[in-house]
């Protein structure tokens, strides 16, 4: 983990923007310091039961007030203990519907807070995380007393963190979600206006919250630049108006729908039929291994639609299912949402040859993927041949990277004669990195001990490996 | 595009007439343009909510009125 040590206290590298308080870790537990600027809002929310209400509705991460003496950094007035989240994830990795749910959870909270005289002081996508089976707002200090008759301070942030990326993903291309990596403070509205087809602004929600909003921002910026901003400042918003604004945002978000291509599912259906026996054999073996190891944290790399993630989750593991295809992760997220409550599965979209880097201030504010481990078990099924033959990553580097994250690895080797490998090699001749069982075993053998193996009917081999001690 | 600019500018003048000064302090910059546009949207939303409330009250008033008349008619027919 990239964190800064302060004696025994480890400051969270992503929690420094809000002067009201910061998150830190001590002895493996997660705490939140509340400093002087945040105490009024905290006391008001605590004493009026606002936190209890939001936690009770499942919208906010729970906390327990603890004695800050001998525990928290200097200047801490109050200290809260939070449950530890299984995995931090970021919007550039989320399926479309997860980002949409993250937007809706903000609006649900606002609907509860406004009648009580409170609101959210910010509306950042980074404030939403998975706590086991449910999405929650994790920043307790986002809740503040509403400034009477004031506009919502987080409205601009909400539109650039949610409405712009959702609209661009749904109506330009879902791959535009990766633009988050560049715009970690939210998408510029003028970019969304430029890229979205003009007729999409016939939707009233997008017209108001993107088009009109973007134009007003540009106009106000110009006025401010030439020093004529006084007249444009500080409008008033009534209580009824604010509730209307939240309803309008809710309708706008709810109305953004990504219709992912159904053709993809037909293709998957064909592949599945072709490999039915292979899938059955693999499932059986994975079931056996997961039951034996009882891992708490499983990373399923190249998870496809999450078939094997579901097996791991059925034994109580928290599973991070990573796939490069946004349609796959969306399919998994939606199928989990349809069930009664999510299972312990977090689907993430990522090209494993280019995993999430460290981003934000000093490249430490948002952690790179490998800093968010460790995993007790990593599944790498039908993956290695893609990394080696499509992305040209040597097997030894793949093995080293996997050993840096996982203590156990269940990896599939697909022989060069397999039709799937032949398909990748059909235009390559001999001009590719070495790929055979010998190279595979020697590369992985440098970092792992082979514990077990299972040869499937079609010749593919599953290896169960344990990271070498001291590795 | 031009008509949108005209609409945006006319809405700014409208909201300047409607809204007066108020101070907002936040660690997050609320952005002047975002505050103005939401004030305009909120004003329109507040008006539509008010119209909605007025309309539903009007409907319930008339339905009560008609309901009473109907009740009276029913009572009259039952008594006769």
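Residue numbers (our numbering), protein chains in the order written: chain A, 173 to 643; chain B, 12 to 91.
A virtual CB, placed ideally from N, CA and C, is assigned to each residue, including glycine.
Around the Cβ of residue 602 of chain A, a 10 Å sphere holds fewer than 16 other Cβ atoms; the residue is exposed. Taking a cut-off of 8 Å on C-beta distances, the segment 256-273 of chain A does not touch the segment 204-220 of chain A, as fewer than three cross pairs fall below it. Look at residue 316 of chain A here: in three-state DSSP terms it is strand. Note that the C-beta distance between residue 344 of chain A and residue 381 of chain A is not below 8 Å. By DSSP's assignment, residue 471 of chain A forms a beta bridge with A:492, A:550. Between residue 498 of chain A and residue 521 of chain A, the CB-CB gap stays under 8 Å. For residue 301 of chain A, the beta-bridge partners assigned by DSSP are A:308. Within the segment 42-59 of chain B, 42, 43, 44, 45, 46, 47, 48, 49, 50, 51, 52, 53, 54, 55, 56, 57, 58, 59 place their CB atoms closer than 9 Å to a CB of chain A, listed in sequence order. Judged by DSSP secondary structure, residue 416 of chain A falls within the alpha helix (DSSP H) whose first and last residues are 411-426. Taking all protein chains shown into account, residue 614 of chain A has fewer than 16 neighbouring C-beta atoms within 10 Å of its C-beta and is therefore exposed. Straight across, the Cα-Cα distance linking residue 317 of chain A with residue 232 of chain A is about 16 Å.
With a cutoff of 8 Å on beta-carbon distance, residue 516 of chain A and residue 306 of chain A are scored as not near each other. The contact set of residue 67 of chain B on chain A, defined by CB atoms closer than 8 Å, is empty, because the minimum CB distance reaches about 15 Å.
A:519 is the residue among A:519, A:508, A:511, A:467 whose C-alpha sits nearest the C-alpha of residue 501 of chain A. Take residue 296 of chain A, set aside five residues on each side of it, and the residues of its chain with a beta-carbon closer than 7 Å to its own are 329, 333, in chain order. The segment 414-424 of chain A makes no contact with the segment 67-78 of chain B: fewer than 3 CB pairs, one atom from each, lie closer than 8 Å. Under the 8 Å Cβ criterion, the segment 49-64 of chain B does not count as touching the segment 337-354 of chain A, having fewer than three qualifying pairs. Ranked by Cα distance from residue 261 of chain A, the first of A:302, A:455, A:234 is A:302. Only those residues of the segment 196-215 of chain A whose C-beta falls short of 7 Å from the nearest C-beta of chain B would be listed, and there are none. Contact between residue 327 of chain A and residue 49 of chain B holds: their C-beta atoms lie close to 5 Å from each other, under 8 Å.
At a cut-off of 8 Å between beta-carbon atoms, residue 369 of chain A makes no contact with chain B. Close to chain B, meaning a Cβ-Cβ distance shorter than 9 Å, are the following residues of the segment 373-391 of chain A: 373, 379, 380, 381, 383, 384, 385, 386, 387, 388, 389, 390, 391.
The DSSP assignment places 591-597, 609-617 as complete runs of the alpha helix (DSSP H) inside the segment 578-617 of chain A, in order along the chain (cut-off: 4 residues). If you look at residue 366 of chain A, you'll find it in the alpha helix (DSSP H) that goes 361-367.
Here residue 299 of chain A is buried. Its C-beta has 16 or more other C-beta atoms within 10 Å.
The count of Cβ pairs closer than 8 Å, one atom from the segment 240-253 of chain A and one from the segment 188-206 of chain A, reaches three, so the stretches are in contact.
The C-alpha of residue 496 of chain A is placed about 19 Å away from the C-alpha of residue 340 of chain A.
In the three-state DSSP reduction, residue 501 of chain A falls in the helix class (H, G or I). Checking the DSSP bridge columns, you'll see residue 457 of chain A has no partner listed.
By the Cβ neighbour-count rule, residue 621 of chain A is exposed, with fewer than 16 other Cβ atoms within 10 Å of its own. Here residue 452 of chain A is exposed. Its C-beta has fewer than 16 other C-beta atoms within 10 Å.
Pairing residue 323 of chain A with residue 38 of chain B gives a Cβ-Cβ distance that is not under 8 Å.
Counting only the Cα atoms, residue 592 of chain A lies some 50 Å from residue 181 of chain A. The C-alpha of residue 552 of chain A is placed about 10 Å away from the C-alpha of residue 635 of chain A. Bridge partners of residue 280 of chain A according to DSSP: none are assigned. Residues 259, 260 of the same chain have their beta carbon placed closer than 7 Å to that of residue 544 of chain A, with the five preceding and five following residues left out of the count.
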